[in-house]
Every structure is written in C-alpha cells, then in structure tokens.
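In what follows, a single structure is set out as structure tokens and then discussed.
There are 2 protein chains.
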Amino acid sequence: MEDHLHIRELINRLARLDAASAWAGDLNPTQRAVLGYLGRANRFSRSPSHVAEYLGTTRGTVSQSFKSLLQKGYVTEYRSAQDKRTISFELTSRGADIARQTGGLENSISELETDQIHGLQASLSAILKGLLRQNGGRAFGVCSSCIHFKTADVGGFCTLLSEPLSTEETSLICHEQRGV
Amino acid sequence: MEDHLHIRELINRLARLDAASAWAGDLNPTQRAVLGYLGRANRFSRSPSHVAEYLGTTRGTVSQSFKSLLQKGYVTEYRSAQDKRTISFELTSRGADIARQTGGLENSISELETDQIHGLQASLSAILKGLLRQNGGRAFGVCSSCIHFKTADVGGFCTLLSEPLSTEETSLICHEQRGV
DNA sequence: CCTAATAGTAGCGAGTCGAAACTATTGCAA
DNA sequence: TTGCAATAGTTTCGACTCGCTACTATTAGG
C-alpha cells in the first residue's frame, strides 16, 4: 500500500509539472488537452460529449473550452445533417500544430531504455483499464484493436457503424472502441 | 517518439481521471494535493513556497488555497520566531484524515504484480528526475536518502540544518533533500 | 404521438492559474 | 550603519475550470 501511494503521487506530480509548462501562448493545459485529443480522435469521436468523457470532466466545461478555442481559431465546427443535436469539431492547421507539440515530459521519457518504456506503457495501460472498469468509463482505444474492426484491402472496416476506414483512421481513437 | 506520446497521454489521463474523482465534500483536487503533500512533508518544508514548488504552481495560488483550507479547518498556521517572514502549516486531525485517504487509482495499482509495481515506480521516478533536471526543480525526496543525512542512535541527523530527526521524520519529504 | 433519453448550452459560485504589484522582513556589502 | 537587494507571503486581476442545475433542441422508442 505504501508503494501504491507513491505511484499515485508520482503520476499526479508528473502531470502537474507537465501541466505547469503547458501554459504557453493563449492556451491553458485543459485547452491543450482538448486539442491533443482531437488530433488523435476519429471523425466519430469529436463531439463535446466524447471529449468530456475522455478528459473526465463535464459537457458544460468542454462546451466553454470549445467556445474559447473556436474564438481563437484552433478548431472549426461541423454540424451533422443526420443528427442535428451533435456537433463535431475539427482542428484547424493552427490547432493541429499545437496538438503535435511535445513537452519536457517527452524528452525525459525518451531517456529511458526501450524495454523500460514498453513495460511502463503496459503497466500504465493496465492501471487505466482497471480504473475505467471501476467507474464504468470507456477505453477510447484505437480502431485496429477493436472487436468491431475488420481488415480490408485498403485500411479497414467498422462492423458496428458499417463504415470503411482509411489506413490513417485505423490508428485513431474511437469512443465506441472495445478491446479484443 | 510514438510511444512517448502515448505515455505522456496515459500519465495525464490517469491524473485527470484521478482528479475527477477527487472532487468530494468541500475540497477540490488541488486542495487535496496540498493536504497530501503536508502529510508527507517534514517540519522544514511546510511553507506556501515549498508547496508551490512541489505542486508546480505559484505562491499566489497556494496562498489562496491555504486561506480556504484554514477557513475550513483542515490546517493551522505556525509563525516562526526566527524568521518572521515564513509561515508553516500543520494538518489538523480533520486534515490528516483527508491526507490519508486513498482513491480508485490505488485500487487499480494494487492489482498489478509486485515486480511490475517496482518497475513502474522506478521508471516514473527516473522520468521525474529527468524532468526536474530539465527545469531545475527540487526533488523533494525523503531525508533517509539525502546527502545531508546521518544515522543516529535513534532516528537520524541533518548535517545541513544541524537538527536531530525522529525516526518518523527520516521518511518524510524535505525541500532541501539531495539524492545520494 | 407523446414521453423519455440524448446533445449541447447558459449561468452560478468556488477556486485555480499566471502575472504583476504590493508589504514586511532579512541578508549582505560598501 | 545604512541601504539596497533578495526572500516570503499576500492581494488583485482576468481568463478559465469545474460540479451543478436548469434550460432548449432534437431524436428514439413504446
């Protein structure tokens, strides 16, 4: 139990320090996290609701964040013709630049041994999986590791939404993803 | 580089989800983090400045947090006679209860194998160390692993501050700590 | 068809955050 | 000794997050 507390502390401290340096320009850490998510999410997973669930916050907060990001020109709005309730946000090139940015944390991570990195990734993923199981959250994994995914001649196919997927899309986050 | 991004995302997402469930009662995640730090910091390391540096925020914000925590009865104020500028905060029993609380993240961590936990701790510590080296931050390690620490008949002794340390104090966080 | 569920927004109050301006001490050097 | 610079903490500002509740629009299901 002693060790667990330590790890929780480490995770939170690393995230706090990372967030502290994520204050730059006219963006705060949360807005930056929204852009980062948008850059890795597929076209079915870019609504305020999805972002809110991924970031562990509320629709209300995300709605405000998007209002600000929209105003600053980091995202654009797409309203669906099928379901007039939903909104999908897209990164502008300005927003995509931010989403691609790396921070001091990445530099520090890259100093680890390769197998240490893989072990770390496996452990953190396992913790996340357990945490999501506890509170009934979605995994938000990528299409290629989904039970609804089928390989195709080019790219793939989603059997849940009956939609073809381009090669790039198969490695993007989907809110409907369920691990094999 | 692909993997590093993943790990950064994992750390931040875990911290966000942990923070989301840390909203309870009349405390927010930051106030909870302050109490957690105070519960693990020694008597030389409980000032607003130390908390600010540990949490990667500013003295101004921490000042506000303490004002709120003081009002709600989670901490008490101790003014030093030597240096009238400094203030040291102590947890009340109410505050200590909160500091000891564990969350869903700990449950999830405890499901890992023992050696996986040790590996995880080692990797995260290494990342933190590298990150702190990059931005010139302090480690905030415990006395027993400090270059200024000497073992004594009972507890230990700090050669920097020329102060005896009780057994419990040797495993507390110090802002002056420098790793062996 | 009508009610329930879903998606998004608006507003509230408390609080975080960086930044800058401010007060009160303490340290150091000429 | 004086006299500044460094340090510790506070206050205020504006933008924003966050949980919450109330609200509107749209869609789904019995």
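Top line first, the protein sequences correspond to chains Y and H.
Using the numbering used here, read the first sequence as starting at -10 and increasing by one per residue.
Using the numbering used here, read the second sequence as starting at -10 and increasing by one per residue.
Glycine included, every Cβ here is placed at the ideal spot set by N, Cα and C.
Cβ of residue i within 8 angstroms of any chain H Cβ
i	result
Y:A41	no
Y:T140	no
Y:R5	yes
Y:H164	no
Y:G84	no
Y:N31	no
Y:Q90	no
Y:R2	yes
Y:G28	no
Y:R35	no
Y:I87	no
Y:T46	yes
CA nearest to the CA of residue i, picked from the options
i	options	result
Y:G229	Y:G28, Y:F129, Y:T159	Since the displayed chain Y opens at -10 and closes at 169, residue 229 of chain Y lies outside it and no answer follows.
H:T65	H:K73, H:Q71, H:F55	H:F55
H:I231	H:R68, H:T148, H:T50	Only positions -10 to 169 of chain H appear in this structure, which leaves residue 231 of chain H out of reach.
H:D171	H:T81, H:G49, H:F33	Only positions -10 to 169 of chain H appear in the structure, and residue 171 of chain H is not among them; the question remains open.
H:I98	Y:S114, Y:A9, Y:H39	Y:S114
H:G62	H:A41, H:I87, H:E42, H:G49	H:I87
Y:A9	H:E42, H:A8, H:A13	H:E42
H:S57	H:V23, H:G45, H:E102, H:G126	H:V23
H:G126	H:L16, H:L59, H:L44	H:L44
Y:Q90	Y:L16, Y:Q105, Y:L59	Y:L16
H:S151	H:V143, H:S160, H:F138, H:D142	H:F138
Interface flag, residue i vs chain Y, CB-CB below 8 angstroms
i	result
H:T156	no
H:I116	yes
H:R170	Within the shown structure, residues of chain H are numbered from -10 to 169, placing residue 170 of chain H beyond reach of any answer.
H:S69	no
H:T50	no
H:A9	yes
H:Q53	no
C-beta atoms of residue i and residue j nearer than 8 angstroms
i	j	result
Y:I0	H:L3	yes
Y:R21	Y:A11	yes
H:P37	H:I76	yes
H:R(-3)	Y:E79	no
H:L154	H:G168	no
H:K118	H:A128	yes
Y:Q166	Y:C132	yes
Residue environment, residue i, which counts as buried when at least 16 other CB atoms sit within 10 Å
i	result
H:E158	buried
H:M(-10)	Residue placement at H:M(-10) is flagged as unreliable, the pLDDT there being 46, under the threshold of 50; a coordinate-derived value is accordingly withheld.
Y:T46	buried
H:G93	buried
Y:V40	buried
H:H107	exposed
H:R35	buried
Y:R74	exposed
**OP:** Mind listing, in chain order, the continuous alpha helix (DSSP H) runs of no fewer than 4 residues lying wholly within the region 15 to 53 of chain H?
**Re:** For the region 15 to 53 of chain H, whole alpha helix (DSSP H) runs of length 4 or above, ordered along the chain, are 18 to 29, 37 to 44.
**OP:** Give, in chain order, every unbroken run of the alpha helix (DSSP H) that is at least 4 residues long and sits entirely within the region 67 to 151 of chain H.
**Re:** Runs of the alpha helix (DSSP H) spanning 4 or more residues and lying entirely within the region 67 to 151 of chain H occur at 82 to 89, 93 to 98, 103 to 124, in chain order.
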